[in-house]
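Undergrad:
Residue numbers (the working numbering): 22 to 183.
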C-alpha cells in the first residue's frame, strides 16, 4: 500500500467533482469529504466521500450510484443496526474514489465526520495518525487489515471530540 504526499488542491478538486456527480443522482443526500485526503496529510491517493441518506432510502441510493458506474466494494451493518455500503470509482485499473453510503442521522455519519474534525483541530494527533498510517502502509497491502489496525487510534481520537 502506498501513501503519497498531500495534494490538497487535487484532492479537493476530485472531491468537488464526485460531490457534483453524487448531487445529480442523489439531490437530497448530504455529502462530505472525509478521510486523510480531507485533512491534507500523507494518504493513499483515494478520495473518501461520505454520503448520508435516510436509512429507508439506502438501497435506492446505492442503486443510483451503481447506475453511474460505481462498483459496490463492501457492506456491513454497524452495531447500531445501520447499513454502511462503500462503492469505488476506478480509473486506469486503480481505485480513485470510495463513496461511503450511511444513514445521514446515524452514528456512522457522526463518527466519520467527528474523526475528521478532531484531526483537523489537533495537529499533534494528526501527526501521530500520519506515523501510524505510514507504519501500516509499510507492513500490509490488505485494505481490510489496514483499516482494522487503525481502529484503536480512531476510538481514542473520537474520545477527544470535545
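Ideal Cβ positions, reconstructed from N, Cα and C, are used throughout, including at glycine.
In angstroms, rounded to a whole number, what distance separates the CA positions of residue 22 and residue 101?
TA: Against the chain shown, residue 22 aligns to sequence position 1. Against the chain shown, residue 101 aligns to sequence position 80. Taking the straight line joining both Cα atoms gives about 31 Å.
Undergrad: Would you call the segment 31 to 40 in contact with the segment 83 to 95, where contact means no fewer than 3 C-beta pairs closer than 8 Å?
TA: No, the segment 31 to 40 does not touch the segment 83 to 95.
Undergrad: Let me check one thing: in DSSP terms, what residues is residue 69 bridge-paired to?
TA: Mapped onto the chain shown, residue 69 falls at position 48. Residue 69 pairs with 55 and 119.
Undergrad: Report the option in 133, 165, 181 and 146 whose CA atom is closest to the CA atom of residue 69.
TA: Position 48 of the chain shown holds residue 69. Taking only the C-alpha atoms, the option nearest residue 69 is 133.
Undergrad: Just reading off the alpha helix (DSSP H) that residue 170 is part of, what are its end residues?
TA: Start at 1 with the first residue of the chain shown, and residue 170 comes out as number 149. First-last for residue 170: undefined, no H or E at that position.
Undergrad: Residue 124 bridges to which residues according to DSSP?
TA: Sequence index remark: in the chain shown, residue 124 carries index 103 (1-based). Residue 124 is bridged to 74.
Undergrad: Buried or exposed, going by whether 16 or more other CB atoms sit within 10 Å of the CB of residue 82?
TA: Position 61 of the chain shown holds residue 82. With 16 or more Cβ atoms within 10 Å of its Cβ, residue 82 is classed as buried.
Undergrad: Starting from residue 27 and walking both ways along the alpha helix (DSSP H), at which residues does that stretch end?
TA: Your numbering for residue 27 matches position 6 in the chain shown. Careful: residue 27 lies outside any alpha helix (DSSP H) and carries neither H nor E.
Undergrad: Do you know how far the Cα of residue 150 is from the Cα of residue 115?
TA: In the chain shown, residue 115 corresponds to position 94, counting from 1. In the chain shown, residue 150 corresponds to position 129, counting from 1. Approximately 24 Å, taken between the alpha carbons.
Undergrad: How would you write the range of the beta strand (DSSP E) that residue 101 sits in, first residue to last?
TA: On the chain shown, position 80 is the one that residue 101 refers to. Unbroken run through residue 101: none, as it is neither H nor E.
Undergrad: CB residue 84 to CB residue 94, shorter than 9 Å?
TA: As a first step, residue 84 must be located in the chain shown, where it is residue number 63. As a first step, residue 94 must be located in the chain shown, where it is residue number 73. Contact: no.
Undergrad: In the DSSP assignment, the alpha helix (DSSP H) including residue 160 goes from what residue to what residue?
TA: The residue labelled residue 160 in the question sits at position 139 within the chain shown. First-last of the alpha helix (DSSP H) with residue 160: 144 to 160.
Undergrad: Could you give the first and the last residue of the continuous alpha helix (DSSP H) run that contains residue 81?
TA: Translated into the one-based positions of the chain shown, residue 81 becomes position 60. Unbroken alpha helix (DSSP H) run through residue 81: 79 to 88.
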